[in-house]
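*Asks:*
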Amino acid sequence: MIYFTSDTHFFGSMHAKRKLLFNEYADMHKTIFDNWNSVVNNNDDIYIIGDFSNEKGYIKTTELLKNLNGNKYLIKGSNDKFLENKKFDYSLFNFVKDYHVLNFENKKIILFHYPILEWEGYHQNSILIHGHWHQDKKYNTRAFNVASDIHNFTPVSIKQILNNIN
């Protein structure tokens, strides 16, 4: 199975909405971790559409990645500070990119952290999967926001996304 998530913001500050849901940062961290591992198996692919970890170091992020299920792919976001550390082991991800085109069942799916108005294949019915917005703003019927806040801090399957868009 293929899954998507974004804006987990591990090791960062809590946004106002998250402060209403969690008493402490550790509670939020545990919820995201547990929800991830409850749906994603080790053989699944998971695309992280940016803002995975705000850690300026790399040690906590490295340990976290080793304990989260799935083959991980990272689309860079605006707060992935751990990538700036030269000691971070990029091999924990299958790839790290700014943008990616995923072909699934004859459908072109664009992966980009930010919501944008038009994307590659836009006029040929391609789909955009993005994050960045921490609320469920619908601005285009072929764009799907996978920010963890709006999906109960749980990765979303490709089937859920396609069912929602179609």
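Residue numbers for the sequence shown follow full-length UniProt numbering, so the first one is 1 and each next one is one higher. From the three backbone atoms N, C-alpha and C, an ideal C-beta is built for every residue, glycine too. As the structure is a computational prediction, the values presented were derived from the model and not from experiment.
Give the single residue among Leu74, His29, Leu65 whose Cα lies nearest to the Cα of aspartate 51.
*Replies:* Looking at the Cα atoms, Leu74 is the closest of the given residues.
*Asks:* Since histidine 29 is in the alpha helix (DSSP H), which residue starts that stretch and which ends it?
*Replies:* Here the alpha helix (DSSP H) through histidine 29 covers 25-39.
*Asks:* Taking 8 Å as the limit between beta carbons, can you name the residues of its chain near asparagine 41, skipping five residues before and five after?
*Replies:* So the qualifying residues of the chain are Met1, Asn69, Gly70.
*Asks:* Would you tell me roughly how many angstroms separate the C-alpha atoms of histidine 9 and asparagine 79, rounded to the nearest one?
*Replies:* Taking the straight line from one Cα to the other gives about 8 Å.
*Asks:* What are the uninterrupted segments assigned as beta strand (DSSP E) that are 3 or more residues long and contained completely in the UniProt domain "Calcineurin-like phosphoesterase" (26-136), given in chain order?
*Replies:* Segments of the beta strand (DSSP E) lying fully in the UniProt domain "Calcineurin-like phosphoesterase" (26-136): 45-48, 71-75, 95-97, 99-104, 107-112, 127-130.
*Asks:* Can you give me the Cβ contacts of leucine 65 inside the same chain, cut-off strictly under 6 Å, excluding the 5 residues immediately before and after it?
*Replies:* Excluding sequence neighbours, leucine 65 sits near Leu92.
*Asks:* Skipping 5 residues on each side, what residues in its chain have a beta carbon closer than 6 Å to that of glycine 121?
*Replies:* Here the set comprises Lys108.
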